[in-house]
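Heads up: the structure comes next, in structure tokens.
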Amino acid sequence: MSETRNFCIIAHIDHGKSTLADRLIQHCGGVDARSFRDQILDSMDIERERGITIKSNTITLDYTAADGRTYQLNLIDTPGHVDFSHEVRRSLMSCEGAILLIDASQGVEAQTVANLYLALEYELELLIVINKIDLPSADVERVRQEIEADLGLDPSDAVLVSAKEGTGIPDLLEAIVRKLPPPALDREAPTRAMLFDALYDPYRGVVLYCRVKEGVIRAGQTMRLMHSAKEHHIEEVGQLRLKRVPTAELGAGSVGYVLAGIKTVRDVEVGDTLTDAERPAAEPLPGYKEAKPVVFSSLYPMATDEYPELVKALEKLVLNDASLTYEKDSSTALGHGFRCGFLGLLHLDVVQERLTREYDLSLLLSAPSVRYRITLHNGTVQWVDNPSYYPDPSVIARTEEPYIKGSVMMPERYIGPVMELCRERRGENIEFHYLAVGRVELTAELPLAEVLFDFYDRLKSITQGYGSFDYAMLDYRETDVVKIDILVNTEPVDALSQLTHRDKARARALHYCERLAEAIPRHQFKVAIQGAIGGKIIARTNIQALRKDVTAKCYGGDITRKRKLLEKQKEGKKRMKTIGAVEIPQSAFVAVLKTDTDS
Amino acid sequence: MSEAAAGLYLHVPFCARVCPYCDFAVRTGDAARRARYVEHLLAEIELYAGYPLRFDTIYFGGGTPSSLAVEELARILETVRGRLACAERCWVFLEANPEDASREAVAAWRRIGVDTLSLGVQSLDPAGLAFLGRRHGVDDARRAVEWAREAAFQTVSIDLIYGLPGQRPEDWRRELDRALALGPQHISCYQLTIHEGTRFGLLERRGRLTQLPSDEQGELFRLAHRHLGAAGFAGYEASQFAAGPEHRSRHNLKYWDHTPYLGLGPAAHSFHDERRWWNLRRTDPWQERIEHGERPVEGEETLEARALVLESLMTGLRTYAGVDLGRIRARWGVDLLSANGSLIDRLAAAGLVELDDGRLVPTLDGLAVADGLAAQFDLP
């Protein structure tokens, strides 16, 4: 009786996942042509612009197959970036099958491999789809070889499609119902449902997305979240069509939503297991992992009077982003702000962009930092991700920093420069092996801190865009860290302080000084910009005093014009930070903290 | 009328040719156009007949006021005296181009009552004059100054433009020496400013002309103030130097301390009773409005205390006399000193200003950066 298929699409960025999802939705009549927007599942603007999926979305489609039966296809969308791999996991846990999507011209990429391993970990049935066969550069044969060589999969029944042109979509739909297994349908067992996503609806509170593994979920039930042990009264359940469609129940095997009057996504942990409070399951579903932030940065409103708005914006943002952490922070230079934890640099970028764009805030971000493990002489251990809380070096016995295992896939010709980059970034155990003729995977153990600074950009430019990078957290290793302070006219700009490896301190301090000197307009007096470790100056630049700005004439008509100019200038000053009598425009902080061309 | 005597500004928009650096309200025009303009100016004076201000300075500015016939200037002065309240001793200023300043013309200007003749010499270097697109030569300028001295004006003033691309301090010093050698009583030194919408602006945008870097401008600025000061021409404003207090432009001073002034002619600005208004900029619409019997005003603003104080800082910090803090407090109730104590201390420590008996006086270094200084003050 089961006519359900639960599946996701896993792919490297740009391999066309969203376009394929759109095509499937269109083909199944999930949306009429008028309201169809390309890549309908990527609902955030940022996702659309960057072509990546951050929040997973899910949709139920009706498909009438060649056998005459109508299937309910639950397409569970997965985020497409390494920072969000925990979200990928939860999505995968909710499926029986996965479409492994590969670009016919790009072939197998780093992330394809990483996602494949995840899919195998969750024992998903795989359906290989080769996309973009319409491209002149498509090389289906080569991709088939890579699938066999790199992934160890049988490429013979790969479905060929062009999501853009709609080619091969009917074949793919048939393959989904024929090849992907139906879910198990144990309705009698105690209820267990995987909570794989949650988002906030201003009218209904938190919407829980879940996959019922066993049992049934109904409105009126009291549900218990097994990890957090919280209980909630279920108000409504239903299917995720383009809109939410209430149903009487969600039975084993199905995917849908649950409304339970929950106020914020903080109150639920994605990855948790829902059960019936009256007849609870003995064990939660396996595979729960807490998403831990690994990158930290402080956010300050550029205008101090925007602080209350930043508070509100963050409160709203975390309703939908359970992996973002924040706590109050304050800086003498920049006033009140928040220390935020992110899953990675992209996550940081996305949060910053959303705050700027959706909440119209002008923000300053301090230099991103990793979390150091610091052991003091007295044996106590401190975790420090904020330079402000870095202990006096004399009490520190030992400092450790997080390492990642990074993997770079690239054409063979770039191996030399990429190895050099990894060495420059304090990489250890650099190894490489051939994936196929001409394609190499290089792996290295790298300090995460070294990856935070323009690593992606350097890698991209070194490999002319052909290199892809992926990483996983590895362990903590002993390191030698110093705290650099940046001083403007001898006053420290605390937001620019950062922890860095001793060997890199001088270069980084000088780089910061120079950036700042370029970005701060000349003042009526000389401005000294220094980098220091403790009291010791290790880098210095000056901004010479402005020697002349007085305009030639100031008579009748000029006075109004000139005054208006001054008023504008004064208005602009409100958005500057004054440190050591030096006015620093936001653009200066932005220029300094930009990570694109770090030394 | 308890106020200080007001200034009257008369804008003559005509130039034989528009200079490549000029962004003033100017136009070219033949004698017939000029005559028509004069009729309209006289009509505008009529529209202000009996205006409740008493004037003790009359300033013909432009454009090129010397492009008007002497008779036209005389008629204008006569109408002003007949229709507006003028002080018994009313100081008349006339801007003139050297090419218009024949011996006869100069003598005639003096005869009709011009006290200060301000000659647009601009440069005493042939290459400089050519670059600035001027029609006269260095010798025309020399002769004009000479004749002006012969005609015994109260003050003969010359305008110079500096900061030309590539100008070195020694070039500028030589030019200042040449200017001093002509024996004027007043010198205005204007740094070349490239404005949008001028020929130079266009050239700059195309990358064919670059403004002198501000450090070099600063050097020439200081050189002018030191060199002319040493020669007995004390500076009294960022661009103005006089051989004695009696030769200072008592008309321009009114702009800088919110003394009322009435401006007639296209684009002219007026200030009275904390209100500033300005005329239509282009000559034809200006004339049309007058023909309708209306004052040809394009816009106006009422200045609040904050704006007035900001203007006082902006103009005051450009002058050697500085900003009279007591006067600002008395006039607009704003105590700049208590609101900006630490700023003033810092600027004083940096050698940019001095506090002198309730006045905030810029040093020469302060004067050079007066625009930026004014923007620093908190206006409570």
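So the sequences go chain by chain: A and B. 434 is the number that the working numbering gives to position 434 of the first sequence; each next residue is one higher, with no gaps. 280 is the number that the working numbering gives to position 280 of the second sequence; each next residue is one higher, with no gaps. Ideal placement from N, C-alpha and C gives every residue a C-beta, glycine not left out. Since the model is a prediction, treat every value here as computed from it, not as a measurement.
Taking Cβ positions only, does residue i come closer than 8 angstroms to chain B?
{"i": "A/I262", "result": "no"}
{"i": "A/T560", "result": "yes"}
{"i": "A/E358", "result": "no"}
{"i": "A/L487", "result": "no"}
{"i": "A/K574", "result": "no"}
{"i": "A/K570", "result": "yes"}
{"i": "A/Q145", "result": "no"}
{"i": "A/E567", "result": "yes"}
{"i": "A/I54", "result": "In this prediction, A/I54 scores a pLDDT of 44, lower than 50, which makes its location untrustworthy; the coordinate-derived value is nonetheless stated afterwards. No, A/I54 lies away from the interface with chain B (no Cβ there is under 8 angstroms from its Cβ)."}
Could you tell me which chain A residues have their CB closer than 7 angstroms to the CB of residue i, listed as they occur along the chain?
{"i": "B/D371", "result": "D549, V550, T551"}
{"i": "B/G263", "result": "G556"}
{"i": "B/N252", "result": "Y555"}
{"i": "B/Q211", "result": "Under the 7 angstroms cutoff, chain A gives no residues; its nearest Cβ is about 11 angstroms from B/Q211."}
{"i": "B/G381", "result": "Residue numbering for chain B in the displayed model covers 1 to 380; residue 381 of chain B lies beyond these limits and cannot be assessed."}
Who are the Cβ neighbours of residue i in its own chain at under 8 angstroms, not counting the five residues just before and after it?
{"i": "A/I133", "result": "A104, V140, L160, V161, S162, T167, G168"}
{"i": "A/T273", "result": "R192, A193, M194, L195, L225, M226, H227, A281, P284, L285, Y288"}
{"i": "A/K574", "result": "A303"}
{"i": "A/K174", "result": "Correcting the residue type first, residue 174 of chain A is Glu in the shown sequence and not Lys. Contacts found: A65, A66."}
Under 8 angstroms between C-beta atoms, does residue i make it to chain A?
{"i": "B/L352", "result": "yes"}
{"i": "B/T193", "result": "yes"}
{"i": "B/F131", "result": "no"}
{"i": "B/G166", "result": "no"}
{"i": "B/S67", "result": "no"}
{"i": "B/Q240", "result": "no"}
{"i": "B/F233", "result": "no"}
{"i": "B/Y255", "result": "yes"}
{"i": "B/R318", "result": "yes"}
{"i": "B/R243", "result": "Checking the displayed sequence, the identity of residue 243 of chain B turns out to be Ala instead of Arg. For B/A243, the answer is no, since every Cβ of chain A falls outside 8 angstroms of its Cβ."}
{"i": "B/Y190", "result": "yes"}
Identify the contact partners of residue i in chain B, using a Cβ-Cβ distance below 9 angstroms as the criterion.
{"i": "A/Q586", "result": "Neighbours of A/Q586 on chain B: none; closest Cβ ~17 angstroms, over 9 angstroms."}
{"i": "A/G580", "result": "None at all; the shortest Cβ gap to chain B is about 10 angstroms."}
Using C-beta distances below 6 angstroms, list every residue in its chain close to residue i, excluding the 5 sequence neighbours before and after it, in chain order.
{"i": "A/K55", "result": "Low local confidence applies: a pLDDT of 49 at A/K55 is under 50, so the model's placement there is unreliable, and no value is given."}
{"i": "B/H136", "result": "P98, E99"}
{"i": "B/R103", "result": "W147"}
{"i": "A/I76", "result": "C8, T58, S91, S94, C95"}
{"i": "B/E44", "result": "L264, I290"}
Quick one: residues in its chain with C-beta nearer than 7 angstroms to the C-beta of residue i, no 5 flanking neighbours on either side, listed in chain order?
{"i": "B/G229", "result": "G235"}
{"i": "B/Q154", "result": "D115, T116"}
{"i": "B/L397", "result": "Residue 397 of chain B falls outside the range modelled here, since chain B spans only 1 to 380, and no answer is possible."}
{"i": "A/L319", "result": "Y200, T264, V265"}
{"i": "B/P381", "result": "What is shown of chain B runs 1 to 380, which leaves residue 381 of chain B out entirely."}
{"i": "A/G438", "result": "P411, E412"}
{"i": "B/R386", "result": "Past the boundaries of the shown model lies residue 386 of chain B; chain B is included only from 1 to 380, so the question cannot be answered."}
{"i": "A/V592", "result": "L496, Y512, R515, L516, A519"}
Listing by chain order, which chain A residues have their CB less than 8 angstroms from the CB of residue i?
{"i": "B/R134", "result": "Going along chain A, no residue has its Cβ under 8 angstroms from B/R134, so there is no contact; the nearest lies around 17 angstroms."}
{"i": "B/A375", "result": "L566, Q569, K570, K573"}
{"i": "B/Y9", "result": "G556"}
Residues of chain B with CB under 7 angstroms from residue i, in chain order?
{"i": "A/R563", "result": "A307, L310, E311, M314"}
{"i": "A/F525", "result": "A350"}
{"i": "A/L546", "result": "S214, V369, G372"}
Taking residue i as the query, report the chain A residues whose CB atoms sit under 9 angstroms from its CB, ordered along the chain.
{"i": "B/L367", "result": "V550"}
Cβ closer than 8 angstroms: which chain C residues qualify as neighbours of residue i?
{"i": "B/E301", "result": "Here chain C cannot be found, since the structure's protein chains are A and B."}
Can you confirm whether the stretch 545 to 557 of chain A touches the stretch 492 to 508 of chain A when touching is taken to mean that 3 or more C-beta pairs between the two stretches lie within less than 8 angstroms? no
Within the chosen definition, does the stretch 247 to 261 of chain B reach the stretch 79 to 96 of chain B through at least 3 CB pairs nearer than 8 angstroms? yes
Using 8 angstroms as the Cβ pair cut-off and three pairs as the minimum, do the stretch 380 to 396 of chain A and the stretch 357 to 364 of chain A touch? no
Please name the residues in the stretch 264 to 290 of chain B whose beta-carbon is closer than 8 angstroms to at least one beta-carbon of chain A, in chain order. A267, A268, H269, S270, F271, R276, W278
Members of the stretch 330 to 347 of chain B that neighbour chain A once the beta carbon cut-off is set at 8 angstroms: R346, L347
Closer than 7 angstroms, Cβ to Cβ, to anything on chain A: give me those residues from the stretch 221 to 232 of chain B, in chain order. F221
Taking three-plus beta-carbon pairs below 8 angstroms as touching, is the stretch 248 to 257 of chain A in contact with the stretch 202 to 221 of chain A? yes
Is it the case that the stretch 55 to 63 of chain B contacts the stretch 72 to 92 of chain B, given that we only count it when at least three CB pairs across the two stretches are under 8 angstroms? yes
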